[in-house]
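Using our numbering, read the sequence shown as starting at 492 and increasing by one per residue. Since the structure comes first, as structure tokens, the remarks are kept for the end.
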Amino acid sequence: MPAQLIDGKAIAADVRQEVADEVAALKERTGIVPTLAVVLVGDNPASQTYVGAKGKACIDAGMGSITHRLPATATQEEVETLVRELNADSAVNGILVQLPLPKGLNERAVLDLISLNKDVDGFHPMNIGELVMKGRTPQFIPCTPAGCIELLKRSGIAIAGADAVVVGRSNIVGIPVAALLNNADATVTICHSRTKDLPGKVKQADIVVAAIGRPEFVKGDWLKPGCAVIDVGINAVPDATKKSGQRLVGDVAFDEACGAAGYITPVPGGVGPMTIAMLLKNTVRAFKLQHGLE
Ligand code: GUN
């Protein structure tokens with residue numbers, strides 16, 4: 492039987508509706524709405540698209556949206572000054588600095604500067620530290636990893652007791668998603684470019700999260716029959732049949748994987764829409780924390 496598709500678009504729409512309902516209730520109660528400030532430096536086309544989508548999602552949910560666009564020539568001091576201003580602005584509940592920053596800017600210094608209680612990306616080392624420590628609760632969970640877990644939960648896939656393999660160990664996805672799976676009582680293996688017998692490791696997994704950033708890297712015959720596959724990759728590959736000359740594929744060879752997996756997320760339309768939905772949720776949480784409503 493071919494794998495069941497996990498419809499990230501539909502699940503994200505449900506989450507966004509829940510957020511919109513909560514925003515309306517908060518507006519009724521306080522007279523104000525949660526507001527997200529996004530900082531975009533430079534003119535990376537993918538970042539422009541993502542930032543536009545984030546702003547639109549805020550507006551659609553009834554939230555406030557502020558976008559600050561700085562030129563690629565902006566200095567470290569200019570970016571840091573803007574983040575300090577947003578930290579101090581009580582009308583701003585969440586701050587997101589779109590990554591990657593243009594070459595020459597110190598990304599780490601900028602991320603470390605964002606107020607912990609406005610860090611809706613969850614990238615601050617304190618948030619990540621609390622995520623991986625036993626018995627600690629981070630203020631915010633990074634959006635893409637949180638979206639992966641939400642997809643599993645809302646598809647009725649058991650995490651507790653499952654063997655999970657995460658392919659990739661980035662700060663943004665691999666490390667935090669492994670921590671979340673561990674916190675939900677999966678037995679987690681993190682794999683990377685130096686892993687021995689990667690296909691053999693993946694073959695053991697009830698849950699596979701692919702976040703290595705390489706097109707169609709995980710093959711169908713690596714998968715345990717019936718497993719759940721969460722594909723975080725978004726890679727453009729050449730395709731002469733498309734008007735744009737390219738198409739998007741994930742980190743998993745989708746057609747092959749459909750023959751083996753029990754559940755799988757498509758690309759696009761899987762994890763991608765969940766990132767924005769979870770960002771909205773984090774911004775509502777920030778608002779509630781800042782107004783003593785949590
Ligand atoms: N660039 C790609 N993904 C993300 C994300 O989730 N947050 C930020 N700030 N930048 C990104």
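Glycine included, each C-beta is placed from N, C-alpha and C at the ideal position.
Inside the stretch 674–743, DSSP marks whole beta strand (DSSP E) runs of 3 or more residues at positions 678–682, 698–701, 719–722, 726–729, 737–740, from first to last along the chain. In the assembly as shown, residue 769 is a buried residue. Its beta-carbon has 16 or more other beta-carbons within 10 Å. Rounded to the nearest angstrom, the Cβ distance from residue 514 to residue 524 is 6 Å, consistent with a contact under 8 Å. Nearest to residue 537 by C-alpha distance, out of 608, 611, 684, 590, is 590. With a contact defined as Cβ atoms closer than 8 Å, residue 709 and residue 657 miss out at about 11 Å.
Sequence-distant Cβ neighbours of residue 570 in its own chain, meaning closer than 8 Å and more than five residues away, are 530, 532, 561, 588, 592, 596, 601. With respect to the 8 Å criterion, residue 642 and residue 502 are classified as neighbours on the basis of their beta carbons.
Contact check for residue 745 against residue 517 fails: the beta carbons are separated by 8 Å or more.
Note on residue 576: under 16 other CB atoms within 10 angstroms of its CB, so exposed under the neighbour-count rule. If you look at residue 542, you'll find it in the alpha helix (DSSP H) that goes 536–551. In this structure, DSSP gives residue 607 a helical state, which the three-state scheme calls helix.
Looking at the DSSP output, residue 585 bridges to 527. Between residue 723 and residue 737, the gap from beta carbon to beta carbon reaches 8 Å or more.
In the DSSP assignment, residue 663 falls outside any beta strand (DSSP E), carrying neither H nor E.
Contact check between the stretch 637–656 and the stretch 617–625: fewer than three CB pairs, one atom from each, fall below 8 Å, which does not count as touching. Relative to the ligand GUN, residue 654 has its C-beta separated by 7 Å or more from all heavy atoms. Out of 509, 668, 720, the CA that lies nearest to the CA of residue 551 is found in 509.
If you draw a straight line from the Cα of residue 689 to the Cα of residue 764, it is about 28 Å long.
In chain order, 659, 664, 665, 723 place their CB closer than 6 Å to the CB of residue 702, counting only its own chain and leaving out the 5 sequence neighbours on each side. Not one heavy atom of the ligand GUN falls within 7 Å of the beta-carbon of residue 730. Residue 668 places its beta carbon 8 Å or farther from that of residue 707.
Beta-bridge partners of residue 628 (DSSP): none assigned.
Taking non-hydrogen atoms of the ligand GUN into account, the C-beta of residue 635 is found less than 7 Å away from one of them. Between residue 493 and the set 774, 761, 717, the nearest pair of CA atoms involves 717. In the three-state reduction of the DSSP assignment, residue 590 falls in the coil class, being assigned neither a helical nor a strand state.
In the three-state reduction of the DSSP assignment, residue 596 falls in the coil class, being assigned neither a helical nor a strand state. The alpha-carbon of residue 540 is positioned some 10 Å away from that of residue 534. In this structure residue 521 is exposed. Its beta-carbon is surrounded by fewer than 16 other beta-carbon atoms within 10 angstroms.
The beta carbon of residue 622 sits no closer than 7 Å to any heavy atom of the ligand GUN. Per DSSP, reduced to three states, the secondary structure at residue 758 is coil, with no helix or strand assignment.
Following the DSSP letters along the chain, one finds residue 572 inside the alpha helix (DSSP H) bounded by residues 567–579. The beta carbon of residue 598 lies closer than 6 Å to those of 592 in the same chain, with the five residues before and after it left out.
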